Amino acid sequence: MIRPSITTAALALVLAGAAADGGCTGMAVQPFGVLATGQAIEKVTLTNDRGMTLSYIDYGATITGATVADRNGRRTNVILDQPDLATYERSKTKHAAVIGRYAGRIGNARYTLDGKTVELIPNARGMTIHGGPDGYEKRVWKRRDFADKASLGSVYTLVSPDGDQRFPGTLTIEVTYRLQRARDEFAIEYAVRTDAPTVVNLTNHGYFNLAGAGSGGLASHRFCIAAERYAVTDDQRLPSGELAPVAGTPLDLRRPTDIAPLLAKPEGTLAPPQGFDHSYVFGQPAGQTARVAVIDDTASGRRMEVFTSEPSAQFYTGNGFNGTERGSSGRPYQKHDGFAFETQHLPDSPNQPSFPTTALYPGQVLKSVTTFRFSTVAKNAAPGACMAGVR
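So the sequence shown is numbered by our numbering: it starts at 350 and just counts up by one.
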């Protein structure tokens with residue numbers, strides 16, 4: 350059984366949270382079921398001073414929910430979830446789990462680093478996607494809970510041995526989920542070390558619907574993505590190496606945009622598949638954090654701002670949902686019922702010298718942070734612009 354390192358006494362203090370200044374901050378740890386292997390899994394639920402919650406489980410370091418207020422103060426989960434552990438275990442959708450070793454595609458299931466060619470595990474189309482079989486979303490991560498004056502959360506650790514998914518080097522990975530006490534904001538922080546030259550690209554595979562998970566499509570959403578370029582791909586979604594301007598294409602979301610008409614079109618730049626599944630490229634200096642997206646739900650008034658130190662994000666509009674999966678709401682997830690905004694490095698970077706490198710060497714620490722900040726806007730408020738400088 351996975352046991353958090355926090356002691357019973359310390360947990361009591363965390364549960365008490367900000368009682369001294371009238372807050373409602375807390376951390377609750379409870380059983381979430383048993384895997385087919387017999388291993389017990391726990392669920393952590395964080396609550397900040399404003400009443401926002403963030404929940405996650407040890408299996409896949411998977412986020413299972415985030416309750417966010419609408420303009421009337423009603424809180425709803427905005428992350429598409431699964432109803433129980435058995436469903437997470439069976440699912441191939443990787444709902445809000447950590448993806449690795451390499452998020453995205455690697456062409457021909459191979460790459461060369463420092464003159465050495467690494468042969469990976471190909472899928473039926475001859476490429477490697479999300480690292481290959483037995484990805485990090487199917488692992489049980491070790492958890493350490495924490496609480497400080499400004500935030501609370503957990504640090505998940507995974508050791509990925511040399512040869513795991515055929516990648517070289519033993520990785521030591523830390524993923525931190527951190528909820529701010531005083532504002533509706535959570536961060537995902539990554540820190541990775543290796544003992545041999547390798548490539549690494551991690552992300553979280555969460556799907557959002559700001560109207561509420563299970564509420565339906567994206568018709569009330571407005572998207573603004575601060576990217577002037579995107580990665581051109583072939584019919585297998587593999588990058589050609591060209592980073593083309595979004596200007597003059599349906600991919601230009603630099604101003605708040607209702608994408609519902611684009612999703613309804615059967616032909617054009619967005620097909621196939623019908624919908625967005627594109628890598629957007631940002632312009633902030635390497636390693637610096639910037640606001641890269643603002644998404645509004647005009648019906649509820651919820652706004653989500655995304656800040657990241659990553660150079661790109663995969664924007665995906667749930668094109669593959671077909672009603673075979675249901676969330677805890679009981680409603681089947683249909684096509685375009687949620688969107689993913691997976692901050693990461695570009696797919697196939699190990700084979701594209703012009704892309705930002707994903708190489709990691711002994712003695713280096715790969716660090717990355719992505720923050721999701723939630724607020725509300727008035728019913729007839731002006732759309733939220735997304736172009737912003739370094740944070």
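Ideal placement from N, C-alpha and C gives every residue a C-beta, glycine not left out. In this text, all values refer to a predicted model and were calculated from it rather than measured experimentally.
When the Cα atoms are used, Val643 and Leu403 turn out to be separated by approximately 20 Å. Contact between the stretch 651-662 and the stretch 710-723 is present: 3 or more CB-CB pairs across the two stretches fall below 8 Å. Three or more beta-carbon pairs drawn from the stretch 496-513 and the stretch 526-538 are found closer than 8 Å, and the two stretches are therefore classed as touching. Per the Cβ contact rule, the stretch 430-441 is not in contact with the stretch 449-464 (fewer than 3 Cβ pairs under 8 Å). In this structure, the beta-carbon distance from Ala639 to Arg603 does not fall below 8 Å. Put simply, the backbone Cα of Thr647 is about 9 Å away from that of Ala560.
The stretch 546-553 makes no contact with the stretch 565-575: fewer than 3 CB pairs, one atom from each, lie closer than 8 Å. A direct Cα-Cα distance of roughly 48 Å separates Asp584 from Asp398. A direct Cα-Cα distance of roughly 5 Å separates Asn558 from Val427.
Looking at the DSSP output, Leu602 bridges to nothing.
For Gly502, the CB contacts under 7 Å within the same chain, skipping 5 residues up- and downstream, are Leu395, Phe495, Thr525, Tyr526, Arg527, Leu528 in chain order. Under the DSSP assignment, Leu501 falls outside any alpha helix (DSSP H), being part of the beta strand (DSSP E) whose first and last residues are 500-509.
Per DSSP, Thr436 is one residue of the alpha helix (DSSP H) stretching across 434-439. Going by DSSP, Leu612 is part of the alpha helix (DSSP H) stretching over 609-612. Note that the C-beta distance between Arg651 and Val417 is below 8 Å. Collapsing the DSSP output to three states places Ser698 in a helix. Beta-bridge pairing by DSSP links Pro681 to Arg675.
Residue range 715-725 is occupied by the beta strand (DSSP E) that includes Val718.
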